[in-house]
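Residue numbers (my numbering), protein chains in the order written: chain A, 1 to 447; chain B, 1 to 129.
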Amino acid sequence: MRYLPLTDADRKEILASLGMESVEELFSDIPPEVRNPALQIASLSEPELEKHIKELGEKNRDLAELQSFLGGGIYQHFIPHAVDHLSGRAEFYTAYTPYQAEVSQGTLQAIFEYQTMVSLLTGMEVANASMYDGASAVAEAALMAGSITGRKALAYSAALHPQYQRVLRTYTQHLGLDLVELPWTEKGQTDLDALPEKEFSALILQNPNYFGVLEPVAEASRVIHERGGLFIYSFSEAASLGLLPPPGSLGADIVAGEGQSLGIPPSFGGPGLGIFATREQFMRRMPGRIIGEAQDAEGKRAFVMVLQTREQHIRREKATSNICSNQALCALRALIYLSLMGERGFRAVAEQCYHKAHYLSQALEEIPGVKLRFRGEFFNEFVLTLPQEPEGLLNFLLKNSILGGIPLKKYYPSLKQEVLVTVTEVHPKEDLDKLVYLVKEWRGGLK
Amino acid sequence: MSVNPKELKYTREHEWALIEGNRAKVGITDFAQSHLGDIVYVDLPPLGKEIKKGETLLVVESVKTASDVYAPLSGKVIEINNALSKAPEKVNRDPYGEGWMVIMEIKDPKEAEELLSSEDYESYLSTIS
Numbered sequence: 001m002r003y004l005p006l007t008d009a010d011r012k013e014i015l016a017s018l019g020m021e022s023v024e025e026l027f028s029d030i031p032p033e034v035r036n037p038a039l040q041i042a043s044l045s046e047p048e049l050e051k052h053i054k055e056l057g058e059k060n061r062d063l064a065e066l067q068s069f070l071g072g073g074i075y076q077h078f079i080p081h082a083v084d085h086l087s088g089r090a091e092f093y094t095a096y097t098p099y100q101a102e103v104s105q106g107t108l109q110a111i112f113e114y115q116t117m118v119s120l121l122t123g124m125e126v127a128n129a130s131m132y133d134g135a136s137a138v139a140e141a142a143l144m145a146g147s148i149t150g151r152k153a154l155a156y157s158a159a160l161h162p163q164y165q166r167v168l169r170t171y172t173q174h175l176g177l178d179l180v181e182l183p184w185t186e187k188g189q190t191d192l193d194a195l196p197e198k199e200f201s202a203l204i205l206q207n208p209n210y211f212g213v214l215e216p217v218a219e220a221s222r223v224i225h226e227r228g229g230l231f232i233y234s235f236s237e238a239a240s241l242g243l244l245p246p247p248g249s250l251g252a253d254i255v256a257g258e259g260q261s262l263g264i265p266p267s268f269g270g271p272g273l274g275i276f277a278t279r280e281q282f283m284r285r286m287p288g289r290i291i292g293e294a295q296d297a298e299g300k301r302a303f304v305m306v307l308q309t310r311e312q313h314i315r316r317e318k319a320t321s322n323i324c325s326n327q328a329l330c331a332l333r334a335l336i337y338l339s340l341m342g343e344r345g346f347r348a349v350a351e352q353c354y355h356k357a358h359y360l361s362q363a364l365e366e367i368p369g370v371k372l373r374f375r376g377e378f379f380n381e382f383v384l385t386l387p388q389e390p391e392g393l394l395n396f397l398l399k400n401s402i403l404g405g406i407p408l409k410k411y412y413p414s415l416k417q418e419v420l421v422t423v424t425e426v427h428p429k430e431d432l433d434k435l436v437y438l439v440k441e442w443r444g445g446l447k
Numbered sequence: 001m002s003v004n005p006k007e008l009k010y011t012r013e014h015e016w017a018l019i020e021g022n023r024a025k026v027g028i029t030d031f032a033q034s035h036l037g038d039i040v041y042v043d044l045p046p047l048g049k050e051i052k053k054g055e056t057l058l059v060v061e062s063v064k065t066a067s068d069v070y071a072p073l074s075g076k077v078i079e080i081n082n083a084l085s086k087a088p089e090k091v092n093r094d095p096y097g098e099g100w101m102v103i104m105e106i107k108d109p110k111e112a113e114e115l116l117s118s119e120d121y122e123s124y125l126s127t128i129s
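Listed below in structure tokens is the structure:
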């Protein structure tokens, strides 16, 4: 593709045809607070520009330099180098879903195998070719439950990832849905007793939830099924599936979660991988692409896109979803990652996450004034209550090249002094001990 | 062009209705099935579904497309052809017989007067095909 910059005359002509005076006017619908400020780059020569960009780049601090205890939806896990190498091969390297089956067998087979892995991980009968991320997968699951049950009320946990909640509200804002948020208990679990008497299309629970706490999944599934609604199981930490029972075995009707933990680097908080799976009876209501196994004219095994007639390019406004694409490259990475880890390796990752997080939480809890906020069992994330708002500690840790955690007050005003701390298999014991030592030092300096 | 049974009533959207008393058996016409191609799935409505004439009654999925089937009359769905869930090809093979889709309880018998006779439907077909 050639890149032809616009001339000022081109711009004028385009704007005139739109009946506009300026480029500014063209973007007037974008609220000013979410716009990027214009890059202030003066006219520079190429070597000057290179130097300038390099200097800007050096201001970034990355995970090669920092130790990070950030989680909350995006996780740092070990990624075998073969994932980069194989997914970067030219035959595979595309973000697109292939339309032309006869020239895309490799990519289609990879997606088919990805779907198989998702089915195995989640214990569900069918999986799609992936969605954009965990948040959009949850929102699509909510729409799907509405279309299956024909009901307008939808219950979700306040401990569902707050950004998933935002996307859910954005997706559904014009559908006249009755969204009911369930509070959490002292243990940090969703309060199922708070479910009001309504005809719910579904209950959405994240497990482990945003606070890292394990939810009463089987109980939740029973409660919503008794009311004739569907149970939607979400997750933001896919590594948990290495240790927890598959959601399909606990009664999940739809599983919608984030697969970034499966061989996809944290980057700047994305791209992620929307994992989506359901029961066979709901297959035709499932959004997104599905790759199926078929036979070609010579009777040989071949892979094709199936059930496309539900989709937007054929069904237009009546499609099951407006998503006609998938996150092919990230799904490929997840497939390669899972293949390399194998069942035992994947379980070992989950076990290390669990044990290291518990080692750290116990050591931190012994520091006077530092408490675990919730008593519910957790996987690899936990919420600490500090003697004051977290900024002081987090800045102190950052001076020591540590990203200590996520302050929760931004999403939960009642959790002013709380911080979410995440541990994965990438943290050696020394890093955990160093964090404990520094928190003690900071605590000692408080008077 | 195969013969469209005289005892049936038709719509311009290619549904047929066999009206007996306050009940109507509903399906799609031979013209419809032949244009849809191989039918792979019939998404039948739930029993008891109340529907107005012209609203989407169900969806028929073929290898080429997925199409809405509209209610030829207002009423309530009182029976569905469950055999189609295992053998949707019956719609292709026998659109006026085994390929029937639902039986409705008719709400307003007057609406039946607006439906086409087989002759009217055939002359309508000759204008579009």
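Just so you know, even glycine gets a beta-carbon here, dropped at the ideal spot from N, CA and C.
Item: Cβ pair count under 8 angstroms reaching 3, the stretch 351-367 of chain A against the stretch 408-418 of chain A; Value: no
Item: Where Trp16(B) sits in the DSSP three-state scheme; Value: strand
Item: Distance between beta carbons of Leu372(A) and Leu397(A), contact taken as under 8 angstroms; Value: Rounded, the Cβ-Cβ distance is 18 angstroms, inconsistent with contact.
Item: Continuous beta strand (DSSP E) assignments of at least 3 residues falling wholly in the stretch 93-121 of chain B; Value: 102-106
Item: Below-8 angstroms beta-carbon distance, Arg310(A) vs any chain B residue; Value: yes
Item: Per-residue burial, Met1(B) [other beta carbons within 10 Å of its own, 16 or more giving buried]; Value: The pLDDT assigned to Met1(B) is 47, lower than 50, so where the model puts this residue is not dependable, and the model offers no usable value.
Item: Residues near Ile402(A) in its chain [Cβ-Cβ closer than 6 angstroms; skip 5 each side]; Value: Gln67
Item: Helix, strand or coil at Ser62(B) according to DSSP, with G and I counted as helix; Value: strand
Item: Rounded straight-line distance, which links the Cα of Gly73(A) to that of Glu65(A); Value: 21 angstroms
Item: Neighbouring residues, chain B, relative to Arg166(A) (Cβ below 7 angstroms); Value: By Cβ distance, chain B contributes nothing, its closest Cβ being about 32 angstroms from Arg166(A), past 7 angstroms.
Item: Other residues of its chain near Pro18(B): CB distance less than 6 angstroms, five sequence neighbours each side excluded; Value: First, the residue type needs correcting, since residue 18(B) is Leu and not Pro in the sequence shown. Excluding residues within five positions, the ones whose Cβ falls inside 6 angstroms are Leu8 and Lys25.
Item: N-terminal and C-terminal residue of the alpha helix (DSSP H) that Lys12(A) is part of; Value: Asp8 to Leu18
Item: Proximity test, Lys152(A) beta-carbon vs the ligand HEM heavy atom, cut-off 7 angstroms; Value: Although the ligand HEM was asked about, the structure shown includes no ligands whatsoever.
Item: Interface residues of chain A facing Ala66(B) [CB-CB closer than 7 angstroms]; Value: Thr309, Arg310, Ile314 and Arg315
Item: Those residues which DSSP pairs with Pro407(A) across a bridge; Value: Val419(A)
Item: DSSP state of Asp29(A) mapped onto helix, strand, coil; Value: coil
Item: Coil, strand or helix - Met1(B) by DSSP; Value: No answer about Met1(B) holds up, because its pLDDT of 47 lies below 50 and its placement is not dependable.
Item: For Thr385(A), the first and last residue of its enclosing beta strand (DSSP E); Value: Glu381 to Thr385
Item: Chain B residues whose Cβ lies nearer than 8 angstroms to that of Arg284(A); Value: Tyr41, Asp43 and Glu61
Item: Pairwise C-alpha distance: Pro98(A) and Ser104(A); Value: 6 angstroms
Item: Between the CA atoms of Gly270(A) and Gly242(A) - distance to the nearest angstrom; Value: 22 angstroms
Item: Close beta carbons around Met144(A), own chain, < 6 angstroms, minus the five adjacent residues each side; Value: Arg285
Item: C-beta atoms of Ile291(A) and Ile79(A) nearer than 8 angstroms; Value: no
Item: Helix, strand or coil at Ile402(A) [DSSP, three-state]; Value: strand
Item: Member of His35(B), Leu116(B), Tyr124(B) and Ile106(B) whose CA lies at the smallest distance from the CA of Gly21(B); Value: Ile106(B)
Item: Buried or exposed (CB count within 10 angstroms, at least 16 for buried), Glu111(B); Value: buried
Item: Coarse secondary structure for Thr94(A), derived from DSSP in three states; Value: coil
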